[in-house]
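S.K.: Take this structure, written in structure tokens, and hold onto it; I'll ask about it next.
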């Protein structure tokens with residue numbers, strides 16, 4: 002993550018005594034309780050949650066609220082920021098530099114950030130229950146492909162909970178440094194996981210995989226790293242490698258996310274597409290846009306099982322500031338063959 006993104010890291014503010022709710026009971030719902038035993042605040046910002054902001058609630062009582070629509074003030078501020086970004090885009094020289102060799106920047110990213118920098122994505126089993134189902138002993142043979150596996154922060158927690166002797170994970174990443182980090186992990190066992198370098202937008206399928214050989218494809222914050230010109234090839238590759246009836250589990254950045262709004266001058270590549278301070282690229286998607294990309298008009302189209310917008314309101318209670326996060330989450334299925 003580049004420094005220019007300026008995503009704040011918040012330390013939870015302990016409420017003063019007068020704000021503390023008593024022991025759970027009466028009409029106090031658990032998700033609004035200040036009692037740590039019942040506090041349902043999400044520990045991971047990329048996880049769906051259940052703290053819903055109602056009209057009678059005090060928005061500054063908690064550090065975060067789930068599924069909150071942006072207010073008019075934030076929308077107006079965002080549009081002003083976008084206009085400023087467009088006025089000071091990345092130069093043509095730098096645009097070519099960042100687009101011509103994106104692997105270079107991701108390799109540097111993983112050199113600068115050790116595997117300890119990344120948190121395990123254990124929350125994914127809640128977001129996508131199929132990830133828990135495939136680890137059951139009785140599930141049977143299953144091949145899971147993770148695209149953009151990074152340091153293995155999704156793959157290794159799945160393996161740690163796996164009881165299925167017939168589950169095999171192919172963890173692929175654009176960065177050879179990331180793949181080296183995975184292979185050096187103590188939990189890396191070739192009987193359970195195979196880590197390889199793979200360009201999702203290249204002409205080849207992942208090493209060791211053939212057309213129609215994968216049951217589940219996991220794509221978490223990887224599609225946004227591709228330029229719009231690469232989307233069609235990437236979707237085609239995923240379609241080819243999936244079995245009929247196989248699914249894509251997808252999560253990525255949405256337009257209007259705090260990370261997008263806070264980009265400064267010299268980071269705008271094209272509409273909704275930016276380069277971070279570390280040289281890595283990121284795109285912010287619209288829901289309709291994703292539906293069109295994955296549904297498609299040709300043979301490589303997917304059935305959209307679900308596609309939603311996950312919004313989260315973060316508040317700085319000390320400064321009385323509101324900040325909005327926005328992610329897209331979906332499940333896409335390759336059509337089964339007609340008998």
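Numbering (the numbering used here), first residue to last: 2 to 340. The beta-carbon is built from N, C-alpha and C at its ideal position, and this holds for glycine as well.
1) Does any C-beta atom of chain C lie closer than 8 Å to the C-beta of residue 111?
2) For residue 221 and residue 148, I'd like the C-alpha separation in whole angstroms.
3) Do you know whose CA, among 230, 271, 181, 216, lies nearest residue 332's CA?
4) Can you grab the Cα-Cα spacing for the pair residue 47 / residue 328, in whole Å?
5) Measuring CB to CB, does residue 285 end up less than 8 Å from residue 261?
6) In terms of residue numbering, what span does the beta strand (DSSP E) encompassing residue 274 cover?
7) Between which two residues does the beta strand (DSSP E) containing residue 250 stretch?
8) Whole beta strand (DSSP E) runs in the region 135–179 with 3 or more residues, listed along the chain?
9) Answer with buried or exposed for residue 164, where buried requires no fewer than 16 other C-beta atoms within 10 angstroms of its C-beta.
10) So, with DSSP's three-state summary, where would you put residue 334?
11) Is residue 79 buried or exposed, if buried means 16 or more other CB atoms sit within 10 Å of its CB?
12) Roughly how many whole angstroms lie between the Cα atoms of residue 83 and residue 314?
13) Excluding the 5 residues flanking residue 239 on each side, which residues of the same chain have their C-beta closer than 7 Å to its C-beta?
14) Can you tell me where the alpha helix (DSSP H) holding residue 211 begins and where it ends?
15) Excluding the 5 residues flanking residue 234 on each side, which residues of the same chain have their C-beta closer than 7 Å to its C-beta?
16) How do the region 102–116 and the region 175–193 stand: do at least 3 beta-carbon pairs fall below 8 Å, yes or no?
17) Work out the CA separation of residue 75 and residue 245 for me, nearest whole Å.
18) Exposed or buried, residue 87, counting other C-beta atoms within 10 Å across all chains shown (16 or more means buried)?
19) Between the Cα of residue 278 and those of 265, 204, 138, spot the shortest distance and give me the residue it belongs to.
20) From the DSSP output, in three-state form, read off residue 312 for me.
21) Give me the Cα-Cα distance between residue 192 and residue 169, rounded to the nearest whole angstrom.
22) With distance defined between alpha-carbon atoms, name the residue in 330, 296, 270 nearest to residue 312.
23) Should residue 307 be labelled buried (16 or more other beta-carbon atoms within 10 Å of its own) or exposed?
24) Who pairs with residue 286 in a beta bridge, going by DSSP?
25) Please state whether the Cβ-Cβ distance between residue 253 and residue 228 is less than 8 Å.
26) What does the Cβ neighbour count give for residue 293, buried or exposed, with the cut at 16 atoms within 10 Å?
M.R.: This is what the structure gives:
1) The structure shown has no chain C; it contains just one protein chain.
2) 8 Å
3) 216
4) With a pLDDT of only 42 at residue 47, under the threshold of 50, the placement of this residue in the model should not be trusted; the figure read from the coordinates follows. The alpha-carbon atoms of residue 47 and residue 328 are separated by roughly 8 Å.
5) yes
6) 274–276
7) 243–254
8) 143–148, 168–174
9) exposed
10) strand
11) buried
12) 20 Å
13) 218, 249
14) Residue 211 -> no alpha helix (DSSP H), and no H or E assigned at all.
15) 202
16) yes
17) 43 Å
18) exposed
19) 265
20) strand
21) 7 Å
22) 330
23) exposed
24) 255
25) no
26) exposed
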